[in-house]
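J.: My questions all concern the structure below.
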Amino acid sequence: MDQARRGALRLIGGLGAAAALGRAAGQTGKIMSRKIPSTGEELPAIGLGTWQVFDAGEDASARAPLREVIANFSKAGGKLIDSSPMYGSAESVAGDLVAELGLRARLFIATKVWTRGCDDGIREMERSFQRLRVKQMDLMQVHNLLDVDVHTRTLLDWKSKSRIRYLGITHYTASAHAEVERQLKKQKYDFLQINYSLAEQAAENRLLPYCLENKIAVIANRPFAEGAMFERVRGKPLPSWAAEIGAASWAQYFLKWIVGHPAITCAIPGTGKPEHIADNVAAGFGALPDGKMRLRMARYFDSL
Ligand SMILES: NC(=O)c1ccc[n+]([C@@H]2O[C@H](COP(=O)([O-])OP(=O)(O)OC[C@H]3O[C@@H](n4cnc5c(N)ncnc54)[C@H](OP(=O)(O)O)[C@@H]3O)[C@@H](O)[C@H]2O)c1
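Given below as structure tokens:
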């Protein structure tokens with residue numbers, strides 16, 4: 001962290017001003033990006049998840065803060081928004097808001113297919129294109145490996161016709177990691193989306209090294225273990241040395257630890273709150289922990 005940011009941080013005095021820090025970071029630098037290994041395209045390392053938090057239906061008052069979340073996310077340089085037909089109205093809500101804000105061209109829209117059968121898969125994905133209001137999907141993923149071989153065939157065809165730009169698979173639990181690894185060995189995917197956080201570290205045993213070696217981008221889902229990690233640190237101060245990597249809040253501590261792993265392309269915290277998106281994208285600025293620091297961070301978290 002540079003001198004100016006350290007000074008600003010001291011002045012601001014901790015977490016309450018995470019939003020201000022995000023703005024400051026946004027003004028002075030560019031959000032950190034990682035290359036998608038299959039193409040070399042740059043993708044900002046902090047994305048936005050929509051599970052639960054974007055299931056707002058048609059309710060205008062519930063949509064208002066979500067519009068602000070997307071606007072601020074994009075303003076700070078964020079790009080990847082992840083959704084799924086499994087997430088209630090989230091695809092429609094995100095699609096409508098992105099269209100209203102005129103941000104489609106600046107974002108990287110990812111969703112999933114979550115059904116059985118080729119025809120049902122095609123129907124569901126066509127609906128996702130409409131709901132998200134995109135002509136071309138940046139990333140289509142097979143959700144939780146459901147009927148994965150069938151949908152992969154469709155997606156390879158769609159990729160060859162440029163209906164989608166990238167294809168991937170997802171899962172969210174360590175008990176599925178072996179199956180995920182088998183699938184990655186069967187078929188070359190551009191992306192793996194998998195659970196990875198200080199509370200759920202199992203992906204780094206085999207999946208992350210495999211992806212690094214085989215040039216597969218990795219999206220870390222559940223970066224806060226669905227929010228449970230905040231319960232664990234509630235009322236506990238950050239260690240003073242968190243300032244060395246510019247982590248001014250627990251969210252930034254958690255996210256910087258994730259994107260500090262060389263296999264990780266992007267972490268996608270879910271939030272529906274403008275103050276939380278400012279906090280989260282701030283993790284995409286400043287220093288990242290090296291291996292030694294990541295170990296120290298993990299030990300400290302384990303001790304709480
Ligand atoms: N199988 C799959 O493909 C799969 C499975 C799970 C998740 N996902 C994807 O991954 C995304 C992330 O996972 P997740 O949503 O389950 O869990 P998560 O991102 O680990 O945690 C989300 C929770 O953290 C809270 N939060 C976010 N930022 C915060 C901050 N700065 N300070 C305090 N609280 C904060 C959110 O509430 P607020 O609204 O109050 O901020 C929400 O309750 C999902 O949205 C989804 O897109 C995919």
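Its first residue numbered 1, the sequence shown is counted upward by one per residue in the working numbering.
Just so you know, even glycine gets a beta-carbon here, dropped at the ideal spot from N, CA and C.
1. At 3 residues or longer, what runs of the beta strand (DSSP E) sit wholly inside the stretch 96 to 137?
2. Any heavy atom of ligand 1 within a distance shorter than 7 Å of the CB on GLU226?
3. Going straight from the alpha carbon of MET251 to that of ASP279, what length do you get?
4. I need the boundaries of the alpha helix (DSSP H) containing PHE54, first residue and last residue.
5. Would CYS118 be called buried (16 or more neighbouring beta carbons within 10 Å of its own) or exposed?
6. May I ask you to list the residues that DSSP assigns as paired with THR170?
7. For PHE230, verify whether its CB is less than 7 Å away from any heavy atom of ligand 1.
8. Looking only at its own chain, which residues have a Cβ that is under 6 Å from the Cβ of TYR300, when we skip the five neighbours before and after it?
9. Between VAL113 and ligand 1, is the CB less than 7 Å from at least one heavy atom?
10. Under 6 Å Cβ to Cβ from MET293, same chain only, skipping five residues before and after it: list those, please.
11. Does the stretch 128 to 143 come within contact of the stretch 94 to 105, defined as at least 3 CB pairs closer than 8 Å?
12. Just checking PRO223 against ligand 1 - is the residue's beta carbon closer than 7 Å to any of the ligand's heavy atoms?
13. How long is the line joining the alpha carbons of GLY88 and VAL113, rounded to whole angstroms?
14. Pick out whichever of ILE258, ALA45, GLY168, GLN201 has its Cα sitting closest to the Cα of VAL142.
15. Report back the beta-carbon spacing between ILE81 and LEU43 to the nearest angstrom; my notes put them in contact at under 8 Å.
16. What would DSSP say about ASN221, mapped onto helix, strand or coil?
17. If you scan the stretch 246 to 285 from start to end, which runs of the beta strand (DSSP E) of 3 or more residues do you find wholly inside it?
18. Between LYS79 and ligand 1, is the CB less than 7 Å from at least one heavy atom?
19. Should the stretch 68 to 76 be regarded as contacting the stretch 214 to 227, the criterion being three or more beta carbon pairs within less than 8 Å?
20. Please name the residue, chosen from PHE285, PHE254, ILE164, LEU288, that lies closest to ASP136 on a Cα-to-Cα basis.
21. Using the C-alpha atoms, what's the distance from ALA199 back to GLU231?
T.: To lay it out plainly:
1. 108 to 113
2. yes
3. Just to set this straight, residue 251 is Ala in the shown sequence, not Met. Cα to Cα, the separation comes out at about 7 Å.
4. PHE54 -> no alpha helix (DSSP H), and no H or E assigned at all.
5. exposed
6. GLN193
7. yes
8. PRO239
9. no
10. none
11. yes
12. yes
13. 13 Å
14. GLY168
15. Not quite, the Cβ-Cβ distance comes to about 12 Å (not below 8 Å), so this is no contact.
16. strand
17. 264 to 267
18. no
19. no
20. In the sequence on display, residue 136 carries Gln and not Asp. For GLN136, the nearest C-alpha among the options comes from ILE164.
21. 12 Å
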